[in-house]
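Enquirer: Supplied in C-alpha cells, the structure appears directly below.
There are 2 protein chains.
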Amino acid sequence: MKTVYNDRHGQHAARHEFFRGQLVPAFEIPARAYYVLQALQAAELGPILPPEDHGLAPLARVHSAAYLDFLSGAWAEWQGLGGEGDAFPAVWPVRTLRADVLPRSFAARLGLYSMDSGTPLTAGAWPAAYWGAQCSLTALDLVLAGERSAYVLTRPPGHHAGADFFGGYCFVNNAAVAAQAALDRGLKRVAILDVDYHHGNGTQACFYERADVFFASIHGDPLTEYPFFLGHADETGAGAGLGFNANFPLPAGASNEAWFACLDAALARLQAYAPELLIVSLGVDTYGGDPISHFQLDRPEFSLLGQRIRRFGAPTLWLQEGGYATEAIGHNVLAVLRGFESST
Amino acid sequence: MKTVYNDRHGQHAARHEFFRGQLVPAFEIPARAYYVLQALQAAELGPILPPEDHGLAPLARVHSAAYLDFLSGAWAEWQGLGGEGDAFPAVWPVRTLRADVLPRSFAARLGLYSMDSGTPLTAGAWPAAYWGAQCSLTALDLVLAGERSAYVLTRPPGHHAGADFFGGYCFVNNAAVAAQAALDRGLKRVAILDVDYHHGNGTQACFYERADVFFASIHGDPLTEYPFFLGHADETGAGAGLGFNANFPLPAGASNEAWFACLDAALARLQAYAPELLIVSLGVDTYGGDPISHFQLDRPEFSLLGQRIRRFGAPTLWLQEGGYATEAIGHNVLAVLRGFESST
Ligand SMILES: [Zn+2]
Ligand SMILES: [Zn+2]
Chain W
1 MKTVYNDRHG QHAARHEFFR GQLVPAFEIP ARAYYVLQAL QAAELGPILP
51 PEDHGLAPLA RVHSAAYLDF LSGAWAEWQG LGGEGDAFPA VWPVRTLRAD
101 VLPRSFAARL GLYSMDSGTP LTAGAWPAAY WGAQCSLTAL DLVLAGERSA
151 YVLTRPPGHH AGADFFGGYC FVNNAAVAAQ AALDRGLKRV AILDVDYHHG
201 NGTQACFYER ADVFFASIHG DPLTEYPFFL GHADETGAGA GLGFNANFPL
251 PAGASNEAWF ACLDAALARL QAYAPELLIV SLGVDTYGGD PISHFQLDRP
301 EFSLLGQRIR RFGAPTLWLQ EGGYATEAIG HNVLAVLRGF ESST
Chain H
1 MKTVYNDRHG QHAARHEFFR GQLVPAFEIP ARAYYVLQAL QAAELGPILP
51 PEDHGLAPLA RVHSAAYLDF LSGAWAEWQG LGGEGDAFPA VWPVRTLRAD
101 VLPRSFAARL GLYSMDSGTP LTAGAWPAAY WGAQCSLTAL DLVLAGERSA
151 YVLTRPPGHH AGADFFGGYC FVNNAAVAAQ AALDRGLKRV AILDVDYHHG
201 NGTQACFYER ADVFFASIHG DPLTEYPFFL GHADETGAGA GLGFNANFPL
251 PAGASNEAWF ACLDAALARL QAYAPELLIV SLGVDTYGGD PISHFQLDRP
301 EFSLLGQRIR RFGAPTLWLQ EGGYATEAIG HNVLAVLRGF ESST
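Just so you know, the sequences run in chain order W and H. Numbering follows the UniProt record's numbering, with no gaps: position 97 of the first sequence is 97. Numbering follows the UniProt record's numbering, with no gaps: position 242 of the second sequence is 242.
Given below as C-alpha cells:
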C-alpha cells in the first residue's frame, strides 16, 4: 500500500492545550506521525510519497472562503498583534449570538471560527492542515487511478473541523475534502466510515443534507465523550440526505464485541449504499491504552478491522485521524493496514 | 436613595480568568463592591438594605429551568468530580452542533450553558448570582412601592447572561429578571437602558421579540469589543418586538461628546415609548481609567449621566453591572447616583 506523507505537519507543534479548562501538555504532537512513519518504514508496507499541490480550490469546496481566509492568515495576524505563544479562542457565538457579522477583533474571529478552547492555533497549523489536505487529495488520485487503497499519514486530524470552524485538534476536514473531490472527479456515491473514538461531527455536518456521501461513524457516546454536541443515533440525515447518515454511539468502556457489532452494522449500511469509494477516517484512539479515550481495541482487533474493510470490497482511502498513545500509534495503524493488505 | 446590598457576593471570588485565551488575574472581584459600599456609606447616600428572598420563580421567568438547575448544582457537581479550582468551560455547541440534547458530561454541560471561557464558575457563583437577583427584586419592590429610585449594589453583573447561558462574568440577568418581575406585577411598559461599556447581549436577547420591554444600549462597537457577536445598530427587534430594541455602538476611544449624543438619542427613543419604569444597567467601565474598556467618562460625566436620567422622569431602578478600575468604581457610581439625587 502506498502512503502519502507530509513532513510539514511538524511545524504544527503545540506545547500546551486546554483540556476541560485546564492547561495541560498537548496530546496532538508531531511524534504521533513520526512513530507511524517509523512503523511503516520498518515493516516496508510500501512506498512513502510526498503530496502534490492541488491548490486551495478543493478545500474551498468544503470550507467557507471566509474561514480559509482567516485560517491561512491567522498566525501572521496574531504575531502582528504581539501575540505570545499559541492562540486560543475564548468567546463563541452560541444561541442568540450572531455569526453573520465578521468582527474586526482577532480574538472574536478566533472564536467565531472555532468550537472549543482545546485546539491551539500554532505557527504551523495552517501549513500542516493545508498539506494534510494535499496528501489526502494525492492519495485520492492514486485510488482513482486504480490503486486498491492508499494511506494518508498526516496530522493534525480533520474530522471535527466544520465548514467554518476548527476544533478537536482539527482545522481542515481531510475526509470531507477528499469525498467532495471524488465527487467532483465524477464519482456518484462516496462512503465515509469514521472509526475514530470521537464522533466526526465536522464530516457529518458537511454532508448531512446530501445523498452523494454516506457518513457512518462508530464512537464514544457524545453524552459523555467529546465532541458532546453531535453524534447521536437519531441523526439520520435531513432533506435529500435523509437516510444517508448513521451514527453508532457506544458507551465509554464498551467491549470489543460491541464495537465489532457496530462495525458490522455500519458496513451493512454502507454495503447497501454501494459506494464507488470508501474513505476511512482512521483514528486509533479506540486503543485500550489511549490516554483520552475509553474503548479497548488492541493490535488483533486493529488487524481484524483492516480485514473487514478489505472484505468490504471498495477502493479504500485511509486517512489518519486521532490516536494519542503516542508510542503505540505506529503499531496500531500498521496492524490495521497489514490486516487490510494480508486479506483477500 | 436606598441601596440594596448582598454580602454573599464575596463568596464569588475567582483568582484567575481567561482573558483572550491567557490566564490572568480576575478583573471581576469582590473589592469592586466593597469600594462602592465604602463610597456610598461615606457619602451617606441613604439606607443600605439587605435583600428579601423572592425565591427562584422570578429567575425562572427569564432563565430556562435546565440552566438554573445546572447553575445551582454546578459547584457541588464539579467538586464531586474532584475538580480543582474554579471550573472553566472548554467546548461550545456552535453552528451545526446540537444544544437540544443534555450531555451527561459536566464539562459538556458547562460549555452548553456558557458563551466564553472567561467566566470562572466559582464556589460562590450561584449564591452570589442568586442573591444579586434577590437584591434586584427587593429594589424593584421599593420602586413599585413609590420610591423615586433605588440602587442595587451587587456582583457578579448580569447583562451578558442569556436565558440559558453564562458569560462575560454574568450568571443571572438581573435587569431581565427585574423587568419581567415588573411586568408580572402589572406594569405594561418597561424600559432598560444599558450604559455599560459592553453590549448587554443577554438582556437584549431576552426581550428581542417582545414589545413590553424596550432595550436600549450604548456600548463599544462589537466589531472590536466584547461580546463581539451582538450589539449592532441593525438589531431593532423582531416579530412583536420590532422597533423595541435600539443599539448605539461607538468606536473604542469615542469622545464624551459622542457618548452623550448617543445617550440623548437613546433617551429620546425611550421617552417616546413612555415606560412606567426605567431600569438602568449601570456599568461604569465607561470610565477613562478602566483596564479593559476604551471610553473616557470621568466623574463630571458620570454626574451628568445621573442628571439626565433624573430628567427622564420615570421611576428608576439602578443595577450595578461592570466597572473594573476597582479603586475608582465607588466614586464613579456615587457620582452617577448623586447626580441623579441632586437634580430635580
Ligand atoms: Zn479522536
Ligand atoms: Zn462591561
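No residue lacks a Cβ here, since even glycine has one placed at the ideal position from N, Cα and C.
1. Counting along the chain, where does the beta strand (DSSP E) carrying Y151/W start and finish?
2. Find out if the Cβ-Cβ distance for the pair L140/H, L317/H is shorter than 7 Å.
3. Can you pull the chain W neighbours of H232/H, defined as C-beta to C-beta under 7 Å?
4. Pairing CB atoms from the stretch 62-79 of chain H with CB atoms from the stretch 12-31 of chain H, are three or more of them under 8 Å?
5. By a C-beta neighbour count over all protein chains shown, 10 Å radius and 16 as the cutoff for buried, is G239/W buried or exposed?
6. Would G220/H pass as a contact of Y197/H if the rule is Cβ separation under 7 Å?
7. Pick helix, strand or coil for S136/W, following the three-state DSSP scheme.
8. What does A216/W pair with, by DSSP beta-bridge criteria?
9. Is G162/H near E209/H, with beta carbons less than 7 Å apart?
10. Tell me the DSSP bridge mates of Q271/H?
11. Bridge partners of G22/H, per DSSP?
12. On the three-state DSSP scale, how would you describe F260/W?
13. Going by beta-carbon coordinates alone, are D4/H and T203/H separated by less than 7 Å?
14. Please identify the residue among A325/W, S149/W and T122/W whose C-alpha is closest to the C-alpha of G10/W.
15. Secondary structure at S281/H, three-state DSSP: helix, strand or coil?
16. Considering only the alpha carbon of each residue, which of R310/W, L297/W, G313/W and A261/W lies closest to H331/W?
17. I'd like the list of long-range same chain contacts for R344/H, defined as Cβ closer than 8 Å, with 5 residues on each side in sequence excluded.
18. Against chain H, with Cβ distances strictly below 7 Å, would T286/W count as a contact?
19. Any beta carbon of chain H sitting closer than 7 Å to that of T119/W?
20. With the cut-off set at 7 Å, would you say F228/H and P103/W are in Cβ contact?
21. On a Cα-Cα basis, can you pick out the residue from V177/H, S303/H, L59/H and G118/H that is closest to V190/H?
22. Quick check: what's the CA-CA separation for P300/H versus R338/H?
23. Between which two residues does the beta strand (DSSP E) containing V4/W stretch?
24. Please name the residue, chosen from V213/H, Q41/H and P157/H, that lies closest to A181/H on a Cα-to-Cα basis.
25. Near A325/W, what residues of its chain come up, given a Cβ to Cβ distance below 7 Å and the 5 sequence neighbours on each side ignored?
26. Chain H beta carbons: is any one of them nearer than 7 Å to that of D116/W?
27. Is G158/W near ligand 1, in the sense that its beta carbon is under 6 Å from a heavy atom of that ligand?
28. Ligand 2 and V198/H: does the residue's C-beta get closer than 6 Å to at least one heavy atom of that ligand?
29. Under 7 Å, do A24/W and C206/W count as touching if we go by C-beta distance?
30. Compare the Cα-Cα distances from F215/H to each of G132/H, N247/H and E225/H and report the closest residue.
31. So is P275/W in contact with chain H if we call contact Cβ pairs under 7 Å?
32. Measuring alpha carbon to alpha carbon, tell me which residue in L40/H, G46/H, G231/H and G124/H is nearest L71/H.
33. Where DSSP assigns a beta bridge to A145/W, which residues make up the other side?
34. Is there a Cβ from chain W that is less than 7 Å from the Cβ of P291/H?
35. Name the chain W residues whose beta carbon is nearer than 9 Å to that of residue 368/H?
36. Taking CB distances under 7 Å as the criterion, tell me whether F244/W reaches chain H.
Expert: Let's see:
1. S149 to L153
2. yes
3. V101
4. no
5. exposed
6. yes
7. helix
8. L193/W and A246/W
9. no
10. According to DSSP, Q271/H bridges with nothing at all.
11. Reading the sequence as shown, one finds Gln at residue 22/H and not Gly. According to DSSP, Q22/H bridges with F19/H.
12. helix
13. As written in the sequence, residue 4/H is Val, which differs from the Asp given in the question. No; because the gap between Cβ atoms is not below 7 Å, this pair is not in contact.
14. T122/W
15. strand
16. L297/W
17. Before going further, note that residue 344/H is Thr rather than Arg in the sequence given. Closer than 8 Å at Cβ, skipping near neighbours: R310.
18. no
19. no
20. yes
21. V177/H
22. 11 Å
23. K2 to Y5
24. V213/H
25. Y287, G289, D290 and P291
26. yes
27. no
28. Checking the sequence shown, residue 198/H turns out to be His, not Val. Under cutoff, so the answer is yes.
29. Before going further, note that residue 24/W is Val rather than Ala in the sequence given. No, these two residues do not count as a Cβ contact at 7 Å.
30. N247/H
31. no
32. G124/H
33. Paired residue(s): none; A145/W is not in a bridge.
34. no
35. An answer regarding residue 368/H cannot be provided, because it is not within the stretch 1 to 344 covered by chain H.
36. no
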